Amino acid sequence: CFSYVIIYLHYGVCLIYASSVRTHVNVDPAKLKSLRQRWSVKPSEMSKKTLNPIRAIVDGMKLTPNPEKPMIALSIGDPTVFGNLPTDDTVLQAMKEAIDSHKYNGYAPSVGYQKSREVVADFYSCPEAPLDGKDVILTSGCSQAIELAISVLCNPGDNILVPRPGFSLYKTLAVSMGIQVKHYNLLPEKSWEIDLQHLESLIDDKTACLIVNNPSNPCGSVFSREHLHKILSVASRNCIPILADEIYGDMVFPGCDFQPLAPLSSDVPILSCGGLAKRWLVPGWRMGWILIHDRNDIFGTAIREGLVKLSQRILGPCTVVQGALESILNDTPPQFYQGTISFLKSNSEICYSELSTVPGLNPVMPSGAMYIMVGIEMEHFPDFQNDVEFTERLVTEQSVFCLPATAFEYPNFFRIVVTVPEEMMIEACIRIREFCARHYRPRSQDSHELDQ
Ligand SMILES: Cc1ncc(COP(=O)(O)O)c(C=O)c1O
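This is the structure in C-alpha cells:
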C-alpha cells in the first residue's frame, strides 16, 4: 500500500507525493485530498451580488454638516426617529397583553399561527377578493414578504419588472438571486403613473413577475382605479403575475382613494405584500404578510406550497406580535389613522408650497405615503454634476440631508421624508431655498430674455 510523505520546503510551499516505502502509518488518500494547506475563505457569489444602492451611494458621499447649523435628516424612512409620530396606545396595550399572557414565547408555525392568519384575512377580505386564513403568510416585515414572493415566482435567468423610480429592495433581492431586473418608467408629469407602453415593451418570455408599488416609495403617488385597471390589462394580456407592494395601503390624503389591486382583478393572480411598519408606525416590530389572491386558481397549490416551503427556511414572523395582531387590527381607533394622515398631508403641503417657489426646483405633490420627490433643474446648478453632488453640498452648507434619487434609479431628483416635526420641515425648506438661491444660475438665454 502507498503511504504519503509530506515534505515542507523552507519557502512555505508543501509538496505531497506518494512513495512506495512501507511505513506503519496508513492514511486514507480520500481524506488527505480534503486537507487544505492554507486558508482560503472568500465571500460567496450571492454576498458579492448583494448591493443596497442607498448604502452604496450614501456611504460614498462626503457628509460633513455645517457645524453652525444643527443637522436635519430628511432621508430616513422610519417614522419613529423623531418621536413625533408615536403609535396608538391600543397598539402598545395589545403588545403588553400579549407579553403578559405568557402564551407567545415559543415557536409558531413558519407561516404564522392559524388564528393570526385569520385575523389578517378578515381585516383585508372583501366580497370581490375574499380571503381566509390559508391565503395569508405572515412574515418578518414586508421585506420578507417581498423576498418570499420573488423567490417563489422567479428562477435565476428570469426577469422581473420594477418601477423607476422605485424602492431599491426589489433590485437588491433579485440581483442577488440571479434574476434580471427591468425598469419600467413612471411619469412625473402624470402624477407618477406607469408608462404602460414602456412597461409592456419590456415583457418577454422570461418575465416572471410585475412589481407594482402603490402608494409609492419614493413618489408618494397613489394610482387611480382606472389606472390600476390598465395595469391589470397589461398583466392579463401577457399572463404575468403581480407582486403588489401595498405597505402604504390606506395611507392616502383626504380626497384621494386607496384602491387595493386584487379586488379589481378577475384573472391576474396577485401576491399582495403589506405589514404593520408604516400604517401602525412600528417598523421595528417586523411584522408583515403576503395575501394570496388567486380566484382563477392559476397559482394553484404549487405556489402556495412553495411559499410554505420557503417560509420554513427561517422562522420569520415574531410570535409576540402575532399574539397582539387581533387587537392591533380590530381595536385601533380610526382617529389614530386620520391623525397620521392629516399630519403627513400638512407637512407635504408645507414642503410642496415652500419648494415650488424655489427657482430651479420642481416638487411633485404627493397624494399619500410619507415622501415627496423634488426635481432639480441641473442646468441651473452648474456647480454640481448631479443630484448626489447637489445633496452632498446641501449637507456641507446647510446641514440638511435629502436622499439623492439616484438611489431609486432616478437621477436629478431628491426625496424628502415628510414624517419629521413641522418646525423641522419649515426650517429645512428655508435652508434649501437659501442653498438654491446661492447656487442658481439663470441660463444665458433666460438672462437674455430678462435683459429685454
Ligand atoms: C415600498 C416599501 N416596501 C416595503 C418596505 C419594507 O417594509 P418593512 O419595514 O415592513 O420590511 C418599505 C420600507 O420602507 C417600503 O418603502
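Residues in the sequence shown are numbered consecutively from 1, following full-length UniProt numbering. The C-beta atom is built at its ideal place from N, Cα and C for all residues, glycine as well. On a predicted model such as this, the values are computed, not experimentally measured, just so you know.
Secondary-structure assignment with DSSP links residue 187 through a beta bridge to 193. Membership of residue 324 in the alpha helix (DSSP H) is indicated by the continuous run 319 to 331. The beta carbon of residue 388 sits closer than 7 Å to the beta carbons of 57, 61, 404 and 406 from its chain, once the five residues preceding and following it are set aside; these are given in chain order. Residue 148 counts as buried, since no fewer than 16 other beta carbons sit within 10 angstroms of its beta carbon.
Spanning the alpha carbons of residue 122 and residue 218 requires a straight line of approximately 30 Å.
If you draw a straight line from the Cα of residue 412 to the Cα of residue 367, it comes to about 21 Å.
At least one heavy atom of ligand 1 sits closer than 7 Å to the Cβ of residue 143. Set against 7 Å, the gap from the CB of residue 213 to the closest heavy atom of ligand 1 is smaller. Secondary structure note for residue 247: it is in no beta strand (DSSP E), with a DSSP letter that is neither H nor E. If the five residues before and after residue 133 are omitted, its C-beta is found closer than 6 Å to the C-beta atoms of 114, 117, 118 and 121, all from its own chain and listed in chain order.
Per DSSP, residue 435 is one residue of the alpha helix (DSSP H) stretching across 422 to 439.
Taking C-beta atoms as the reference points, residue 264 and residue 225 count as a pair closer than 8 Å.
CA-to-CA, the gap between residue 323 and residue 103 works out to about 8 Å. For residue 373, the enclosing beta strand (DSSP E) begins and ends at 371 to 376. With respect to residue 210, residue 235 sits close: the two C-beta atoms are nearer than 8 Å. Between residue 110 and residue 311, the gap from beta carbon to beta carbon is short of 8 Å. Per DSSP, residue 208 is one residue of the beta strand (DSSP E) stretching across 207 to 213. Only residues of its own chain outside the window of five on either side were considered, and among them 269 and 292 have a CB closer than 7 Å to the CB of residue 299, listed in chain order. Residue 246 and residue 145 have their C-alpha atoms roughly 11 Å apart.
With fewer than 16 other Cβ atoms inside 10 Å of its own Cβ, residue 45 counts as exposed. The beta carbons of residue 179 and residue 158 sit about 6 Å from each other, so the pair counts as a contact at 8 Å.
For residue 363, the enclosing beta strand (DSSP E) stretches over residues 361 to 364. Residue state for residue 144 is assigned as helix, using DSSP reduced to three classes. Non-local C-beta neighbours of residue 99 in its own chain, meaning closer than 7 Å and more than five positions away in sequence, comprise 320, ordered along the chain. The closest heavy atom of ligand 1 lies 7 Å or more from the beta carbon of residue 210. Just measuring C-alpha positions, the residue of 414, 242 and 443 sitting nearest residue 220 is 414. A contact is defined here as three or more CB-CB pairs under 8 Å, and the stretch 368 to 378 fails this definition with respect to the stretch 35 to 49.
Taking 8 Å as the cut-off, the Cβ atoms of residue 285 and residue 139 do not count as close. Judged by DSSP in its simplified three-state form, residue 39 adopts coil rather than helix or strand.
Ligand 1 has a heavy atom closer than 7 Å to the beta-carbon of residue 277. Relative to the Cα of residue 333, the nearest Cα in the group 107, 350, 35 and 93 belongs to 93.
Counting only residues of its own chain and dropping the five nearest sequence neighbours on each side, residue 304 has a CB closer than 7 Å to the CB of 292. A straight-line Cα-Cα distance of about 17 Å links residue 153 and residue 295.
Under DSSP, residue 230 forms no beta bridge with any residue.
For residue 347, the enclosing alpha helix (DSSP H) stretches over residues 334 to 355.
Rounded to the nearest whole angstrom, the C-alpha separation of residue 227 and residue 233 is 10 Å.
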